[in-house]
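In our numbering, the protein residues as written are 3 to 363. Even glycine gets a Cβ: it sits at the ideal position worked out from N, Cα and C. Nothing here was measured: the structure is a model prediction, and the numbers come from that model.
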Ligand SMILES: *Cc1c(COP(=O)(O)O)cnc(C)c1O
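Spelled out as structure tokens, the structure:
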């Protein structure tokens, strides 16, 4: 039997991860996602800057959460866990359910009722998780998961599980290997703030190991209605169309703030209108369909470039010829409802060539 396991992030970056020969690797060949050059974004930024998109929607369950989950579930399996639990805005639960299925352990997911994108919800069910929808928001779900983890023999696989961040830092390694060095600037959406923390850790580690000559400035973007780090206060009722970053009290708040400060980057906000515009723009102009939260990084870049946007990090501060990487975190098909609301009318027609030609003229 051929074992294709050697393609996942643990196999690729084993020496940088806390695994041993005793760790049963639970993998779905995550990682090694495309870094796509964007000619049109590069043109919009100008001054010789090169914009690249790290398309994390092409992971096995459609988001970057798989990088962290291969680590978290492998370690849970090593520790003999029979069940795992997570709170989720959707993608963590999809990843947890898939990797738990792969490992043969039970998975419980706690979701804010009515707030989960349809694609993500059906994933959790199809992968066989027990799905509990609580009458509360993500922050309530995470608090309950912490409480349950204290008394029950169930492993928590949220990003408060340190192995998640370890797995997620491998995205930075891939970028450095592909570009031959770290970029000048890295832009990403910020929700629970684990990912920006993970990328920074990856960049710092490879720099310390002389795999790159520099570290990038980290620019994080929150949705305007869910921007606790930007406003420096807990948001009790976070709101945004970008459900994956609808978080009012991020678990990795302090670590993310450190990453932003140490990298001399910035935290900023984008509105829902800007997010949805960026989502459509990216699909229309580069053929890359991402979920709304992911589009926050593109909306963020465009905010930096725009005039009079009051950007925290205006493009005037980009050095000429900068390489800029935007992570797009999840696949567009995750949230078909929000996408559908933005679509034009379908053209009904008889099955006749002439009529069709009339419609498309
Ligand atoms: C989880 C998630 C985010 C937010 O990442 P954090 O690590 O929570 O900041 C952004 N986009 C998508 C698609 C996600 O699934």
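Would the C-beta of residue i count as close to ligand 1, meaning under 7 Å from any of its heavy atoms?
i	result
residue 67	yes
residue 286	no
residue 11	no
residue 247	yes
residue 95	no
residue 35	no
residue 22	no
residue 75	no
residue 160	no
residue 296	yes
residue 62	no
residue 236	no
residue 194	yes
residue 197	yes
residue 331	yes
residue 191	yes
residue 364	Only positions 3 to 363 of the chain appear in the structure, and residue 364 is not among them; the question remains open.
residue 276	no
residue 293	yes
Going by beta-carbon coordinates alone, are residue i and residue j separated by less than 8 Å?
i	j	result
residue 9	residue 288	no
residue 281	residue 292	yes
residue 339	residue 302	no
residue 174	residue 223	no
residue 323	residue 50	yes
residue 131	residue 111	yes
residue 64	residue 336	yes
residue 120	residue 97	no
residue 79	residue 166	no
residue 244	residue 185	no
residue 161	residue 99	no
residue 143	residue 192	no
residue 366	residue 329	As displayed, the chain neither begins before 3 nor continues past 363, which places residue 366 out of reach and without an answer.
residue 158	residue 213	no
residue 76	residue 20	no
residue 55	residue 290	yes
residue 58	residue 334	no
residue 357	residue 363	no
Note to self: With three or more C-beta pairs closer than 8 Å as the rule, is the stretch 77 to 95 touching the stretch 135 to 155?
What the structure shows: yes
Check: Are the stretch 106 to 119 and the stretch 134 to 143 in contact at 8 Å, needing three or more beta carbon pairs?
Finding: Yes, since at least three Cβ pairs between the stretch 106 to 119 and the stretch 134 to 143 fall closer than 8 Å, the two stretches touch.
Notebook entry, point to check: Counting pairs of beta carbons, one from the stretch 165 to 174 and one from the stretch 191 to 203, are three or more of them closer than 8 Å?
Noted result: Per the Cβ contact rule, the stretch 165 to 174 is in contact with the stretch 191 to 203 (3 or more Cβ pairs under 8 Å).
Notebook entry, point to check: Between the stretch 231 to 238 and the stretch 200 to 213, do at least 3 Cβ pairs fall closer than 8 Å?
Noted result: No contact exists between the stretch 231 to 238 and the stretch 200 to 213.
Next item on the list: Kindly provide the ranges of any alpha helix (DSSP H) runs that are 4 or more residues long and lie completely inside the stretch 92 to 128, ordered along the chain.
Entry: 93 to 105, 120 to 128
Item checked: Complete runs of the beta strand (DSSP E) confined to the stretch 280 to 330 [at least 3 residues] -> 325 to 330
Notebook entry, point to check: Which ranges does the beta strand (DSSP E) cover as unbroken runs of at least 3 residues, wholly within the stretch 164 to 249, from first to last along the chain?
Noted result: 187 to 191, 219 to 225
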